[in-house]
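Asker:
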Amino acid sequence: MVKLRCGDYGFECDFEVDGGEDYVVEQFMQHSYGEHGIDYRKEVVRQFILRKYHS
Ligand SMILES: [Zn+2]
Numbered sequence: 002m003v004k005l006r007c008g009d010y011g012f013e014c015d016f017e018v019d020g021g022e023d024y025v026v027e028q029f030m031q032h033s034y035g036e037h038g039i040d041y042r043k044e045v046v047r048q049f050i051l052r053k054y055h056s
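Each step along the sequence shown adds one to the number in the numbering used here, with nothing skipped, and position 42 is 43.
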């Protein structure tokens, strides 16, 4: 189980999502694109999780 907060990546935004890694990646990508117009690649969001939890 992991958690990402949009506000940790440069936005004034309260969005956060937690759950399994695949779920979090999907939800974070959809949010970033839908709310901020940022089309993160899946590998990029995976890197966010890796840095936060596996460093
Ligand atoms: Zn956001």
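The beta-carbon is built from N, C-alpha and C at its ideal position, and this holds for glycine as well. From a predicted model like this one, the values you see are computed outputs, not experimental measurements.
Can you list, in chain order, the residues of its chain with a C-beta nearer than 6 Å to that of Y10? Leave out the 5 residues immediately preceding and following it.
Answerer: Hits under 6 Å: none found.
Asker: Is the beta carbon of R16 within less than 7 Å of some heavy atom of ligand 1?
Answerer: The displayed chain sequence assigns Phe, not Arg, to residue 16. Yes, since a heavy atom of ligand 1 falls inside the 7 Å radius drawn around the Cβ of F16.
Asker: Using the Cα positions of G8 and D15, report the straight-line distance between them to the nearest angstrom.
Answerer: When rounded, the distance between both Cα atoms is 6 Å.
Asker: Work out the CA separation of E36 and M47 for me, nearest whole Å.
Answerer: In the sequence as presented, Met is not what sits at residue 47; that position holds Arg. Going from the Cα of R47 to the Cα of E36 covers about 19 Å.
Asker: Which term fits Y41, buried or exposed, when burial requires 16 or more other beta carbons within 10 angstroms of its beta carbon?
Answerer: Y41 comes out buried.
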